[in-house]
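Below: one structure, written as structure tokens.
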Ligand SMILES: [Zn+2]
Ligand SMILES: [Zn+2]
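Residue numbers (this note's numbering): 19 to 228.
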């Protein structure tokens, strides 16, 4: 993947609400599943891997419901059902020997973008990235944790941006809890709509959205 595409895709995702990396991954995962089903259904290696993994994980297999190629889904899923029936017959739990291919792809994309972001520290491009990224909501907690895991030298602008973000979220959550107490209804009513729904924002931030 060349840097130019990373730049454009990240800029677009930063303009949307929510964690930019979750946005990119969810869009890419859809395209990936679509591409896989259309192109790889007759590919022996892919079918073998897919079968060993027992198909997609439960989160990603939900995406299959909305695909138009029912035949591809049927062909791939029949292999898996055969294995399940065999295991049921032996009264044995079926265990996957591989991982969900979309989860594997997701990890690859995460690494690609986190590395790109860490490297976008100087130069004109780097400045542009900093500008649009710090105007976004920033990463969810799982993606920020991953960023720290991927690189030992995360640029200061990225760490301070996220530290401030999470501290602010904590402060607003505490305020919400405090004003939810009996007798503080008038003060609660004066909270902004955003602050009244901070619990949703917090849940989204803690779980990530892909
Ligand atoms: Zn995220
Ligand atoms: Zn998955």
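Using N, Cα and C, we set each Cβ at its ideal position, and we do this for glycine too.
These figures come from a predicted structure and were not determined experimentally.
Remark: the C-beta of residue 58 is outside contact range of ligand 2, defined as less than 7 Å to any heavy atom.
A Cβ closer than 5 Å to some heavy atom of ligand 1 marks a residue here, and those residues are 37, 39, 40, 158, 161, 226. Per DSSP, the continuous alpha helix (DSSP H) segment holding residue 129 begins and ends at 119-137. Unbroken alpha helix (DSSP H) runs of no fewer than 4 residues, entirely contained in the region 41-112, are found at 62-71, 76-79, 88-107, following chain order.
If you check the CB distance, residue 133 and residue 168 come in under 8 Å.
In the three-state DSSP reduction, residue 38 falls in the helix class (H, G or I).
About 7 Å separates the beta carbon of residue 114 from that of residue 70, a gap short enough to meet the 8 Å contact definition. Counting only unbroken stretches of 4 or more residues, the alpha helix (DSSP H) elements lying wholly within the region 147-195 are 159-168, in sequence order. The Cβ atoms of residue 73 and residue 98 lie closer than 8 Å to each other. In terms of Cβ geometry, residue 180 and residue 226 do not form a close pair [threshold 8 Å].
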